[in-house]
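In what follows, a structure is listed as structure tokens, so that the remarks can point back to it.
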Amino acid sequence: MKKKLLLHSCCAPCTSGVLWQLNDYDITLLFYNPNIDTLQEYNKRLDALKDYISKVNLENNTNISIVAIPYTHDEFSTKIKGMEDEKEGGNRCKICFSLRLDYAGKYAKDNGFDIFATTLTVSPHKNFEIINTIGLSVGKKYDIEYLESNFKKNNGYLLSIQNSKKYGIYRQNYCGCNPNL
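If you read the sequence shown in numbering that gives the first Met the number 0, its first letter stands for residue 0, the second for the next number, and so on.
The structure is reproduced here in structure tokens:
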């Protein structure tokens with residue numbers, strides 16, 4: 000029997016570069032991204048993810064589901080106050096990763112998952128070591144296994160670009176955080 004994996008999904012393009020590396024798991028996606036700057040952008044990314052997953056499920060006879068957490072931006076905005084001018088990759092990003100991974104870890108534990116992970120490590124703009132350190136810490140906090148990853152390996156990022164073209168996936172040009180615009 001496959002382990003139940005809760006995969007935090009930042010967006011459809013990144014998810015498309017990761018799923019193929021997780022065939023040994025029973026996957027549920029968690030779309031929780033309070034860093035996204037507007038409700039309109041949040042919905043655009045969520046709709047793209049839903050569309051992509053419906054195509055994947057149809058093509059592969061799979062049943063990947065999506066848990067979409069309603070849009071909230073206030074907690075993120077409060078936590079990064081004073082860091083708006085930082086470059087990408089600094090403390091603001093660590094806070095963002097922590098917020099999302101903490102939610103994913105708690106959700107996974109509370110809902111009977113065996114393990115959790117994130118698509119964030121497929122991006123060449125994100126430091127997988129920092130993300131994994133945070134994920135492991137969250138796993139210890141909630142007593143649930145975190146799947147360490149560097150999904151950009153094995154051409155994960157390139158595949159995300161190719162799949163975006165193949166499936167007509169909306170591919171945003173920023174992580175979602177307004178200071179990065």
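For each residue, glycine too, the CB sits at the ideal point set by N, CA and C.
Please read these numbers as outputs of a predicted model, since none were measured by experiment.
| Asked | Found |
| --- | --- |
| From the DSSP output, which residues share a beta bridge with residue 66? | 29 |
| On the DSSP bridge assignment, give the partners of residue 7 in chain order. | 29 and 117 |
| Could you give the DSSP three-state label for residue 2: helix, strand or coil? | strand |
| Just how far apart, CA to CA, sit residue 12 and residue 81? | 30 Å |
| Would you check if the region 129-137 and the region 156-174 touch, i.e. whether three or more CB-CB distances between them fall below 8 Å? | no |
| Are the beta-carbon atoms belonging to residue 156 and residue 47 less than 7 Å from one another? | no |
| Is the CB-CB distance between residue 27 and residue 64 below 7 Å? | yes |
| Could you tell me the alpha carbon to alpha carbon distance between residue 21 and residue 4, rounded to whole angstroms? | 9 Å |
| Run through DSSP, which three-state label would residue 87 get? | coil |
| Taking its Cβ as the centre, do 16 or more other Cβ atoms sit within 10 Å of residue 151, making it buried, or is it exposed? | buried |
| By alpha-carbon positions, which one of 160, 115 and 129 ends up nearest to residue 144? | 115 |
| Is it right to say residue 1 is buried, meaning 16 or more other beta carbons lie within 10 angstroms of its own, or is it exposed? | exposed |
| What is the rounded straight-line gap between the Cα of residue 19 and the Cα of residue 59? | 11 Å |
| Please list the terminal residues of the continuous alpha helix (DSSP H) segment that includes residue 136. | 127-141 |
| Does DSSP put residue 106 in a helix, a strand or coil? | helix |
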